[in-house]
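The structure under discussion appears below in the form of structure tokens.
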Amino acid sequence: MTYYASKIFWLAAQPLSLALLLLVLGLLAGLLKWNRLRTAASGLAAAVLFVTLFTTTGSVLLQALEDRIARAELPAGGPGCIIMLGGGVEAEVIAARGGFEMNQAGDRFTETLRLAREFPAARILVSGGDGSFSGSYEGDAAVAARFFEAFGVSADRLIRETESRTTFENVENTKTLLAENGLERCLLVTSAFHMPRSVGLFRKLGLDVLPWPTDFRTTGRAGLALDFTQPSTNSQLTTTALREWTGLLLYYVAGRTHALFPQ
Numbered sequence: 001m002t003y004y005a006s007k008i009f010w011l012a013a014q015p016l017s018l019a020l021l022l023l024v025l026g027l028l029a030g031l032l033k034w035n036r037l038r039t040a041a042s043g044l045a046a047a048v049l050f051v052t053l054f055t056t057t058g059s060v061l062l063q064a065l066e067d068r069i070a071r072a073e074l075p076a077g078g079p080g081c082i083i084m085l086g087g088g089v090e091a092e093v094i095a096a097r098g099g100f101e102m103n104q105a106g107d108r109f110t111e112t113l114r115l116a117r118e119f120p121a122a123r124i125l126v127s128g129g130d131g132s133f134s135g136s137y138e139g140d141a142a143v144a145a146r147f148f149e150a151f152g153v154s155a156d157r158l159i160r161e162t163e164s165r166t167t168f169e170n171v172e173n174t175k176t177l178l179a180e181n182g183l184e185r186c187l188l189v190t191s192a193f194h195m196p197r198s199v200g201l202f203r204k205l206g207l208d209v210l211p212w213p214t215d216f217r218t219t220g221r222a223g224l225a226l227d228f229t230q231p232s233t234n235s236q237l238t239t240t241a242l243r244e245w246t247g248l249l250l251y252y253v254a255g256r257t258h259a260l261f262p263q
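For the sequence shown, position 95 (counting from the first letter as 1) is numbered 95 according to full-length UniProt numbering, and the numbering increases by one without interruption.
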């Protein structure tokens, strides 16, 4: 129930959806002659759209997340395992067309593959089930079995966690598998903006992982400014950043992390 509630909440709370809801509220207020509410709702909708589409706010917010946790030093002898958190595949497209169709977070797969080749003794734990509403698609862990084998990584190195739908479930289920397989000195591979929340969850459950961020979306040099050149990209960055910051806040309030902004 919590999973579906969070999905519905974010569907309404993301910037473009919020702007639409405010515009609808303004229209209804206008029909009812509530002029002050109409003006306030319409003005707020315009402000949300302007900040989302025509400023670098998203880049700045996302950059702060990406810069929070740097890559760890590799342990002597290499890592004992490589943990990859899911979120890198287009499950619906794969279901219709086959193959290995990646989204923006596909770097999680390619970086894990590179590490797997560099450290052939390391086990690979892929955590990610079907996070869709329908629950009828393959998750990252299922796709990973074919992906890594296609690139020459032996199937007996792979541990698949196929049930998780959220980051919290990723970490909780991964903890069980690590204990069952006696694995330690594990690199954690996920998107750089997602690393603070992920590390915070692992620490709360008493697991010490070595962060290995990938999938950077910003240059690291972004400053707050107007930007009329790429409104669609600005919107994507703002949406991703606000979703992650919201996740950090909610997990901290729920007691799932020790700190609001883990480092």
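Here a beta-carbon is modelled for each residue, glycine too, at the ideal position from N, C-alpha and C.
Could you give the distance in angstroms between the alpha-carbon of residue i and the alpha-carbon of residue j?
i	j	result
residue 180	residue 11	37 Å
residue 70	residue 213	7 Å
residue 62	residue 221	12 Å
residue 204	residue 196	12 Å
residue 126	residue 43	45 Å
residue 151	residue 240	30 Å
residue 122	residue 79	6 Å
residue 160	residue 166	15 Å
residue 34	residue 49	23 Å
residue 5	residue 54	30 Å
residue 40	residue 172	43 Å
residue 139	residue 30	46 Å
residue 22	residue 112	42 Å
residue 182	residue 176	10 Å
residue 163	residue 226	42 Å
residue 146	residue 118	19 Å
residue 14	residue 24	15 Å
residue 137	residue 102	14 Å
residue 215	residue 228	25 Å
residue 95	residue 244	27 Å
residue 72	residue 250	26 Å
residue 56	residue 77	42 Å
residue 65	residue 8	24 Å
Would you call the CB atoms of residue i and residue j closer than 9 Å?
i	j	result
residue 141	residue 128	yes
residue 191	residue 170	no
residue 74	residue 210	yes
residue 27	residue 38	yes
residue 260	residue 248	yes
residue 189	residue 68	no
residue 58	residue 234	yes
residue 148	residue 124	yes
residue 200	residue 246	no
residue 52	residue 91	no
Just reading off the beta strand (DSSP E) that residue i is part of, what are its end residues?
i	result
residue 126	123-127
residue 190	186-191
residue 161	158-161
residue 83	81-85
The alpha helix (DSSP H) spanning residue i covers which residue range?
i	result
residue 90	Unbroken run through residue 90: none, as it is neither H nor E.
residue 232	231-253
residue 111	107-118
residue 177	167-181
residue 149	140-150
Per DSSP, what are the beta-bridge partners of residue i in this structure?
i	result
residue 195	Paired residue(s): none; residue 195 is not in a bridge.
Length at least 4, wholly inside the region 24-60: the alpha helix (DSSP H) runs in chain order: 35-54
Unbroken stretches of the beta strand (DSSP E), 3 residues or longer, contained in the region 202-228: 210-214
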